[in-house]
Amino acid sequence: MKVIPMKTFLLFAVLLSASAVALAAADPQQLLIRDILTQQTQLRSEVIAGKGAFKDMSKADRQALAERQGRVLQTLGNLQDLDELAPDQRVVVFNDLEWIKAAVTKAEDDRKVCEYTRTVGSNRMRSVCMTAKEQREHRDGARSTLNHGQMCNESAMACVGDVIGGRGGN
37 MKVIPMKTFL
47 LFAVLLSASA
57 VALAAADPQQ
67 LLIRDILTQQ
77 TQLRSEVIAG
87 KGAFKDMSKA
97 DRQALAERQG
107 RVLQTLGNLQ
117 DLDELAPDQR
127 VVVFNDLEWI
137 KAAVTKAEDD
147 RKVCEYTRTV
157 GSNRMRSVCM
167 TAKEQREHRD
177 GARSTLNHGQ
187 MCNESAMACV
197 GDVIGGRGGN
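In the working numbering, the protein residues as written are 37 to 206.
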């Protein structure tokens with residue numbers, strides 16, 4: 037089991053709680069971008085040096101982590117508040133921060149993933165967030181439903197797929 041130094045863990049916990057609360061809050065002014073930039077810069081120096089929680093991480097993983105941090109730092113670099121970001125940019129920043137969290141804590145399934153999607157039957161866009169595990173289960177369930185292939189008609193009491201699957205009629 038990998039032990040994460042308390043200083044790194046606390047720093048990262050503060051970063052994520054601040055970013056998660058700010059991104060989810062109704063008032064985006066609560067986001068303290070300079071705090072995120074400071075914390076990401078500190079974490080990035082440890083990543084590049086291969087120290088602390090990152091000393092056991094492979095070079096490729098550290099490079100990918102530094103790349104994500106670079107993207108966050110570049111996106112937030114000259115901004116004062118979250119309102120200056122387009123909705124799709126907010127999603128990218130949030131996903132990058134969640135990816136960084138997962139890389140540090142090795143909790144891939146707990147990583148939250150957001151998508152900016154169009155609501156069915158509407159031109160309205162909305163943000164849909166779920167954990168990587170929930171997203172995978174949702175995708176696998178949809179794929180299973182497509183592969184299952186129910187055959188129904190108006191005169192049938194039940195769909196053929198329902199009877200075969202053991203779900204009964206009506």
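Using N, Cα and C, we set each Cβ at its ideal position, and we do this for glycine too.
Item to check | Local conformation of Thr167 per DSSP, three classes | outcome: strand
Checklist entry - Looking at Ile136 and Gln105, is the spacing between their C-beta atoms short of 8 Å? => result yes
Checklist entry - Considering only residues of the same chain and omitting the five flanking positions on each side of Thr111, which have a CB-CB separation below 6 Å? => result Val129
Item to check | From Val127, Ala138, Glu170 and Ser180, residue whose alpha carbon lies closest to that of Thr153 | outcome: Val127
Checklist entry - Under 8 Å, do Asp146 and Ala138 count as touching if we go by C-beta distance? => result yes
Checklist entry - In three-state terms, what does DSSP make of Arg154? => result strand
Next on the checklist: Taking the straight line between their C-alpha atoms, what separation do you get for Lys95 and Lys142?
Outcome noted: 16 Å
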